[in-house]
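Per the numbering used here, the sequence shown starts with residue 1, numbered consecutively. Step one of this worksheet: look at the structure below.
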Amino acid sequence: MPIKTQIVNTSGEGFYDITGEIRQCLRNLDPKSTDGILVCQIQHTSAALCINEAFDPSAKLDMENFLKHLAPRNLSFITHTAEGADDSPSHMKSILMQTSLTLIVENGELDIGRWSGIYLCEFRDAPHTRKVKVKFMQG
């Protein structure tokens, strides 16, 4: 079964709604509108994937601030700073999140909640090009 690589260019720390891009990957992988499972996996240790509310923009801001609160840059024990002040906190945030998502597909459509969106969670300050591998398995 084929795998698509979805490229996501980020412009710094934040949650990027990639729902449309993942839906397009699904259409490209399974143009027959069948049922199955879609797996998305990010290939980075300073970024993650999640599903959360995508209707109210304030929810996204709250999620971003929550992770900044859990993994601030000023923790006294941080030693991993080779790539900057965001180095260790970005890895801390990624272990709290997911590197892959498993999504149900019914009649060729993602079966996620009405207000849900798929986010790439970028934890670095600098812009990055992130890769998300997407694979459909017919059920």
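Glycine is no exception: its CB is placed at the ideal position from the N, C-alpha and C atoms. Bear in mind the structure is a predicted one, so any value in this text is a computation, not a measurement.
By alpha-carbon positions, which one of the options ends up nearest to residue i?
i	options	result
L49	L110, A126, I18	I18
K135	Y119, N28, S76	N28
L103	Q138, H80, P89	Q138
R23	Q98, L61, I118	I118
A98	K4, K32, I51	The question names Ala, but residue 98 in the sequence shown is Gln. With distances taken between Cα atoms, Q98 lies closest to I51.
C121	F55, L96, A47, G108	A47
Q41	E83, D56, T5, D30	T5
E83	I3, R130, P2, A126	A126
Within a Cβ cutoff of 6 Å, which residues of the same chain sit near residue i, ignoring the five residues on either side of it in sequence?
i	result
K93	L67, A71, F123
F55	W115
For residue i, which residues from the same chain have a beta carbon less than 7 Å from its beta carbon, with the 5 sequence-adjacent residues on both sides left out?
i	result
T45	H91, S94
L26	L38, V105, L110, F136
E64	G14, F15
H128	T10, E122
If we ignore side chains and look at the alpha-carbon of each, how far apart do residue i and residue j end up?
i	j	result
T34	N74	49 Å
E13	F77	22 Å
Q43	G20	20 Å
S100	I7	15 Å
G113	A85	36 Å
K133	T79	31 Å
H69	P57	19 Å
D62	P2	36 Å
Cutting at 8 Å between CB atoms, please list the residues of its own chain near residue i, excluding the five before and the five after it.
i	result
T81	D87, S88
N153	Past the edges of the chain, shown from 1 to 139, lies residue 153, and the structure says nothing about it.
E53	A59, K60, W115, S116, G117
Could you check if residue i is buried or exposed, using at least 16 other CB atoms within 10 Å of its CB as the buried criterion?
i	result
D30	buried
### Completely contained beta strand (DSSP E) runs for the stretch 36 to 73, where each covers 3 or more residues
Considered as a whole, the stretch 36 to 73 harbours 36 to 42, 47 to 53 as its complete beta strand (DSSP E) runs of no fewer than 3 residues, in chain order.
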